[in-house]
DNA sequence: GCCGTTTTCGGCCCGACTGTTTTCAGTCG
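Residue numbers (the working numbering): 14 to 598.
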């Protein structure tokens, strides 16, 4: 069973409990929903957690759910789940996939109309709505009937189900709306919040916060946004619209004196906020987007710093707000100082257009252009790491000649450029048996290499780990490129034995790459966090194939921050001499 | 069902908006 399937099963369990007795099972419902969310966000298959006997390390999975999962993997079914699900018509679960359908509404409909077939339930419901049958039901009316028809239509067209946006793309979409909002005289400040502010690798909805003294005017202006395809809802301080591609934009407004509370509230994450509010309750405080209530009296906060301070907490960087221990550290004022973009001294994974006759794609910008960009980014150094010359088209001798020529070209450039230093690197394929694609004689021409997997991704955990460790064992192999091979929205990464990889990297002075390429953003933040804890060094690279892409470094830095990486965890924060020394280590 | 630097028992966030209810239920974030 995939993680998505298990998450859906758990959501069904929660829904079935709601139908059974929402009050009685209140906390089971929360528990299963929480576990479902956690599992949906894992980058490792739950089946692998099971195999490694690590199920209880999944947040929200305790003794009970653990034993149910074990039963699920052993027998393919769970007695307790069958008991919970019994009595809830299967067709209900299909309806839950449609936005605006919750358990109660779905239950009323499938029960009243006796809808039994989960495969046809949506079509059946549509027919009933078209005949006007739904409006006749108690607690339904004409409006809810037409809303149901539209919800079904949008669901069929994939609205709300469209793949999540990769972070840099979401930032672009948000920028457009932010610029539009800045055109209103009533908007004092506007900020993208939610998962975008937390810099999550993929973004669903876009959340925007506005500071304004005239919320009504701002809302009227917002819903007239030229990108808007449909108004979803519109109130006194919030509104939501649907823009092209089925993307939802949520707007929330507070006056400037409460903007700090709004920033905090709307940035989330949900888990972070829930934990924060529970903590506040113990201090007899109640938190909301309006501020902090004490003895029924509301105190407003214009900045987030003041808001957190009022709770005796250090201000927590948005990237850390996932309720994975950051609140506890903020209480002790012991949050790590996270790496920042200005700490970066160089980019070690760039593909120029040098005609290296590579195995994979060549860059489109010249070495000179890339050096110029490196300088404008205030870098001390850059590493050229084009793909190795194709091994199917060239002999080893020919590869050596190509690389020799490239070295000469680099040395020639360096004579005219004084302020940026260059490392002669190469991105080398780790072949399926674990051998590097080029031989020692050619490797000798390099200062070091980024080694990566570019073929045969479907190996099991042990084999893939062996393959990578073999590839990394060459003295010149210093950086493991895009370590999990994940392509966001396309394929999940291969599973690796991280503890073995970490141990090897520490022992032999190897670094894991944090790849800033928008569709990769690889390493995943949870693995970065584990690497930081294991004191394994990393390098943040862009994998640029053209100059403009070198500016994507900030997304790699965001990813590192989400993994709680400090400057000292990232090797390309070192100056040229120190980095050079490490390459030779 | 989960979880823990006030607790292994006894807690478990807070609010906006809509449609259909004439005071609230359901969904969402």
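Backbone N, C-alpha and C define an ideal beta-carbon position, used for all residues, glycine too.
{"Item": "Which value, in whole angstroms, describes the spacing of the CA atoms of residue 393 and residue 593?", "Value": "12 Å"}
{"Item": "Check residue 472 in the structure and name its three-state DSSP category.", "Value": "coil"}
{"Item": "Tell me whether residue 195 is buried or exposed, calling it buried when 16 or more other Cβ atoms sit within 10 Å of its Cβ.", "Value": "exposed"}
{"Item": "Out of 46, 56, 28, which has the shortest C-alpha to C-alpha gap to residue 500?", "Value": "56"}
{"Item": "How about residue 222 and residue 311: do their beta carbons lie closer than 9 Å?", "Value": "no"}
{"Item": "Alpha carbon to alpha carbon, how far is residue 81 from residue 100? Give it in angstroms, no decimals.", "Value": "20 Å"}
{"Item": "In three-state DSSP terms, what is residue 227?", "Value": "coil"}
{"Item": "If you pair each beta-carbon of the segment 303-310 with each one of the segment 353-364, do three or more pairs fall below 8 Å?", "Value": "no"}
{"Item": "Return helix, strand or coil for residue 389, following the three-state DSSP convention.", "Value": "helix"}
{"Item": "What is the rounded straight-line gap between the Cα of residue 53 and the Cα of residue 19?", "Value": "8 Å"}
{"Item": "Given a cut-off of 9 Å, decide if residue 253 and residue 240 are closer than it, judged by their beta-carbon atoms.", "Value": "no"}
{"Item": "Taking residue 235 and residue 264 to be in contact with their CB atoms under 8 Å, please state how far apart those CB atoms are, rounded to whole angstroms.", "Value": "5 Å"}
{"Item": "What residue from 189, 547, 502 has the CA that sits closest to residue 520's CA?", "Value": "547"}
{"Item": "For my contact list, residue 347 and residue 285 are in at a C-beta cut-off of 8 Å; report their separation, rounded to the angstrom.", "Value": "Going by Cβ atoms, the distance from residue 347 to residue 285 rounds to 17 Å, so no, they are not a contact pair."}
{"Item": "Near residue 438, which residues of its chain fall below 7 Å by C-beta distance, leaving aside the five closest residues on each side in sequence?", "Value": "361, 396, 397, 398, 459, 460, 461, 462, 463"}
{"Item": "Buried or exposed: residue 427, going by 16 or more other Cβ atoms within 10 Å of its Cβ?", "Value": "exposed"}
{"Item": "Report buried or exposed for residue 39, applying the criterion of at least 16 other Cβ atoms within 10 angstroms of its Cβ.", "Value": "exposed"}
{"Item": "In whole angstroms, give me the CA-to-CA distance for residue 320 and residue 98.", "Value": "43 Å"}
{"Item": "What do you reckon, are the CB atoms on residue 266 and residue 251 nearer than 9 Å?", "Value": "yes"}
{"Item": "Whose CA, out of 504, 503, 497, lies closest to the CA of residue 514?", "Value": "497"}
{"Item": "Do the segment 116-123 and the segment 17-32 make contact, defined as three or more Cβ pairs closer than 8 Å?", "Value": "yes"}
{"Item": "From 282, 102, 454, pick the residue whose C-alpha is nearest to that of residue 50; which is it?", "Value": "282"}
{"Item": "Buried or exposed for residue 480, going by 16 or more other Cβ atoms inside 10 Å?", "Value": "buried"}
{"Item": "Give the DSSP bridge partners of residue 421, in chain order.", "Value": "Residue 421 is not bridged to any residue."}
{"Item": "Would you mind listing the alpha helix (DSSP H) stretches within the segment 107-175 that are 4+ residues and don't spill past its ends, in chain order?", "Value": "116-125, 134-143, 155-169"}
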